[in-house]
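Working notes for the structure below.
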């Protein structure tokens, strides 16, 4: 699906306003989600966006596909040293201050830009990019709703295929395959350096409570020391909570959701904790209103869990493995702004999309929790984008 | 599978020799494949390696798992600013010249190290790391052989499940699921900035000949503009070549292989081209001998294809989309050294592992080719690590 010209023009104008406010004369963008966002193509391109005027989309590979995919004009980039030439040919000045994505750009590549633009002062433009991308347009929200619908179909399929004796990786394989057959894009993009992600955490019983390198409350045990997150090769057992924490990405837009399934009934205590998780999710959803500061919402939720439940020490991980957030922005990347996290200063705005994920971790037993992707709308609280039933799914 | 102490000690000594030759007093490593290689854990760690003495493995998350996984002692990292403290506590000097992975390290993270080590001069240590990692130990070769065996099982499974009317993504889902159930690690690591990879290119007919952002001869069309590589949602048709280009990663080690399947017979011409591809693969395999320069092997192969086949313009892509390599190193990352590519200066050594991949691309029709992972041994030519049949797989 092509990103419409009116959508790209809207994104350009907002970004140029941010550039002008930050006194940045132009931004040269290379990170894939950023270039997809501003150009409409996920091919290998550099996008130069002046503080006013048209963007220059320079495609290295594949040029012809980029040309057919982007609504902007696309030029063929013969090498990075030619970038100044394209800027001049577009009638634009070489800026004195240029923005780069210094949060992700490797040092050696940065040094090449310094040689290509010897008189330019470079600044980090990633805060402007990330803040803009946090707020989704109507067109983007429609894409997120499509992803959510496919996610719901995958969860329905999970109930069909789940059976005693299957392994976590088998279940993951079936769900990932189903998602792909419905249009899942495959690779789930993350902005953070050296982030690794594959499908999600399909994890059950005690293994779900094992912590790992991934910055999440529930990450799964993985199949080996070399791949220490996600599904393991262990069999799924009767009466254990099965965490299906998956990201569905369709047309680039990600929906992050967690549901608990089980084969046979869960213990009364786990069922009670699940009801608590749903309550906490409602608290988070209702607290996500425009004008509030993300870090204050986080503290409010932590306080509520401490004062109203006996599970404070199990909330969002256990012991030293607890994470300090209850939600994170999602969109073209899995790790977008805002994070509903300790000390987060972002002011919430309508159109921000957040995966909220209260989870309770019981070492040796398992995890119960829930996660949904929501959009911030007004003072009534955020609205669900996720369309799946929020009931426990118990298969006999 | 834990990396044995004797293996880690061997890696350490070789690296320290390289550091001493480059007059680097210590290296601080953070890229996941590098830290896994030198520490034995894939948790979130910093590894400081002095030019002589023991390495310091500093785990941020998950500390307890890192401690149980690494054969080295592991300390808990409370924050990056504490790194100098750990170096001093180990009785080591703060070096005057410190190596960092400047090929991958983001600028903002680099700036943090500059603040933490205000008097240190930083240099790029990635050439030393990459050259060492290119040469595999016996222990690593045994892991690669395990990956190859699982890859062969997945290809056998492909022949069982392939049927008329299935889509490319359906086939991919089944193969990826099977691979996972046999221990595939999921995420396929790549070192290159913003590289994206998911399973491989399961692609058929004309779609296999479509180029994309991925730097490969055959990349697949993908499911959308936002995900423009890999399998598409199109149905697999009778008589069309089906490219199964997949990476299998087990215990961290990757085997990259391509086989051609079809439902019903392929045309005589495509079958002839496939025989040519096998001949070219043999040429490459026999040319990979210790002491030769990678770029010279590349030129020799290109010359042979030009002089001995009518398919020069279809070799390794078509038109402006042709890639300039016929092989690439594989191991913990998919994009390791050496590349058998235009101008490549690496001198081949015993123990280097290379995926060799002659492919012929016919726009509008499809792709035939082959790819195997091999190890350089002696003047007899490289030895196959891949264990799958190299015959065309034609299903009725």
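Chains as they are written, first to last, in the working numbering: chain E, 180 to 575; chain P, 180 to 575.
Beta carbons are placed, not taken as given, at the ideal position from N, Cα and C, and that holds for glycine.
Below 7 Å on C-beta distance, what does residue i contact in chain E?
{"i": "residue 405 of chain P", "result": "215, 221, 364, 430 and 431"}
{"i": "residue 346 of chain P", "result": "360"}
{"i": "residue 287 of chain P", "result": "281, 282 and 303"}
Quick one: give me the first and last residue of the alpha helix (DSSP H) that residue i is part of.
{"i": "residue 214 of chain P", "result": "211 to 218"}
{"i": "residue 329 of chain E", "result": "317 to 340"}
{"i": "residue 452 of chain E", "result": "447 to 466"}
{"i": "residue 245 of chain P", "result": "242 to 248"}
{"i": "residue 490 of chain E", "result": "Careful: residue 490 of chain E lies outside any alpha helix (DSSP H) and carries neither H nor E."}
{"i": "residue 196 of chain P", "result": "184 to 200"}
{"i": "residue 351 of chain E", "result": "347 to 360"}
{"i": "residue 256 of chain E", "result": "Note, residue 256 of chain E: premise wrong, no alpha helix (DSSP H); not H, not E."}
{"i": "residue 288 of chain E", "result": "286 to 295"}
{"i": "residue 309 of chain P", "result": "305 to 313"}
{"i": "residue 229 of chain P", "result": "Per DSSP, residue 229 of chain P belongs to no alpha helix (DSSP H); it is in the beta strand (DSSP E), 223 to 229."}
When burial is assigned at 16 or more other CB atoms within 10 Å of the CB, is residue i buried or exposed?
{"i": "residue 180 of chain P", "result": "exposed"}
{"i": "residue 438 of chain P", "result": "buried"}
{"i": "residue 225 of chain E", "result": "buried"}
{"i": "residue 192 of chain E", "result": "exposed"}
{"i": "residue 489 of chain P", "result": "exposed"}
{"i": "residue 267 of chain E", "result": "exposed"}
{"i": "residue 523 of chain P", "result": "buried"}
{"i": "residue 630 of chain E", "result": "This structure does not reach residue 630 of chain E, given that chain E is present from 180 up to 575, and the question cannot be answered."}
{"i": "residue 551 of chain P", "result": "buried"}
{"i": "residue 298 of chain E", "result": "exposed"}
{"i": "residue 195 of chain P", "result": "buried"}
Which two residues bound the contiguous beta strand (DSSP E) that contains residue i?
{"i": "residue 563 of chain P", "result": "560 to 563"}
{"i": "residue 572 of chain E", "result": "572 to 574"}
{"i": "residue 515 of chain E", "result": "515 to 520"}
{"i": "residue 497 of chain P", "result": "Note, residue 497 of chain P: premise wrong, no beta strand (DSSP E); not H, not E."}
{"i": "residue 276 of chain E", "result": "276 to 279"}
{"i": "residue 538 of chain E", "result": "538 to 541"}
Among residues of its own chain, excluding the 5 on either side of residue i, which ones have a beta-carbon nearer than 6 Å to its beta-carbon?
{"i": "residue 351 of chain P", "result": "378, 381 and 410"}
{"i": "residue 333 of chain E", "result": "354, 357 and 358"}
{"i": "residue 407 of chain E", "result": "391 and 401"}
{"i": "residue 223 of chain E", "result": "239 and 240"}
{"i": "residue 309 of chain E", "result": "516"}
{"i": "residue 301 of chain P", "result": "277 and 279"}
Identify, in the order they occur along the chain, each residue of the same chain with its Cβ nearer than 8 Å to the Cβ of residue i, setting aside the five sequence neighbours on each side.
{"i": "residue 511 of chain E", "result": "212, 215, 216, 312, 368, 431, 432 and 433"}
What residues of chain E sit near residue i, judged by a beta carbon separation below 8 Å?
{"i": "residue 357 of chain P", "result": "352"}
{"i": "residue 435 of chain P", "result": "Within 8 Å Cβ-Cβ: nothing; residue 435 of chain P doesn't reach chain E, min ~17 Å."}
{"i": "residue 376 of chain P", "result": "366"}
What residues in its chain sit with their C-beta under 7 Å from that of residue i, if we drop five residues either side in the sequence?
{"i": "residue 265 of chain E", "result": "235, 237 and 254"}
{"i": "residue 542 of chain E", "result": "388 and 497"}
{"i": "residue 393 of chain E", "result": "408"}
{"i": "residue 462 of chain E", "result": "480 and 483"}
Taking Cβ to Cβ, would you say residue i is nearer than 7 Å to residue j?
{"i": "residue 507 of chain E", "j": "residue 534 of chain E", "result": "yes"}
{"i": "residue 519 of chain E", "j": "residue 509 of chain E", "result": "no"}
{"i": "residue 556 of chain E", "j": "residue 529 of chain E", "result": "yes"}
{"i": "residue 546 of chain E", "j": "residue 385 of chain E", "result": "no"}
{"i": "residue 443 of chain E", "j": "residue 417 of chain E", "result": "yes"}
{"i": "residue 280 of chain E", "j": "residue 250 of chain E", "result": "no"}
{"i": "residue 284 of chain P", "j": "residue 329 of chain P", "result": "no"}
{"i": "residue 564 of chain P", "j": "residue 323 of chain P", "result": "yes"}
{"i": "residue 421 of chain E", "j": "residue 441 of chain E", "result": "yes"}
{"i": "residue 491 of chain P", "j": "residue 502 of chain P", "result": "no"}
{"i": "residue 429 of chain P", "j": "residue 568 of chain P", "result": "no"}
{"i": "residue 540 of chain P", "j": "residue 493 of chain P", "result": "yes"}
{"i": "residue 450 of chain E", "j": "residue 560 of chain E", "result": "no"}
{"i": "residue 558 of chain E", "j": "residue 468 of chain E", "result": "yes"}
{"i": "residue 210 of chain E", "j": "residue 373 of chain P", "result": "yes"}
{"i": "residue 456 of chain E", "j": "residue 549 of chain E", "result": "yes"}
{"i": "residue 514 of chain E", "j": "residue 371 of chain E", "result": "yes"}
{"i": "residue 205 of chain P", "j": "residue 274 of chain P", "result": "yes"}
{"i": "residue 331 of chain P", "j": "residue 566 of chain P", "result": "yes"}
{"i": "residue 414 of chain P", "j": "residue 344 of chain P", "result": "yes"}
Strictly below 8 Å CB to CB, what residues from chain P border residue i?
{"i": "residue 324 of chain E", "result": "Those do not exist, as residue 324 of chain E stays about 16 Å from chain P at its closest Cβ, beyond 8 Å."}
{"i": "residue 195 of chain E", "result": "Result: empty, since nearest Cβ-Cβ is about 24 Å, beyond 8 Å."}
Residues of chain P with CB closer than 7 Å to the CB of residue i, please, in chain order.
{"i": "residue 409 of chain E", "result": "365"}
{"i": "residue 500 of chain E", "result": "241"}
{"i": "residue 181 of chain E", "result": "404"}
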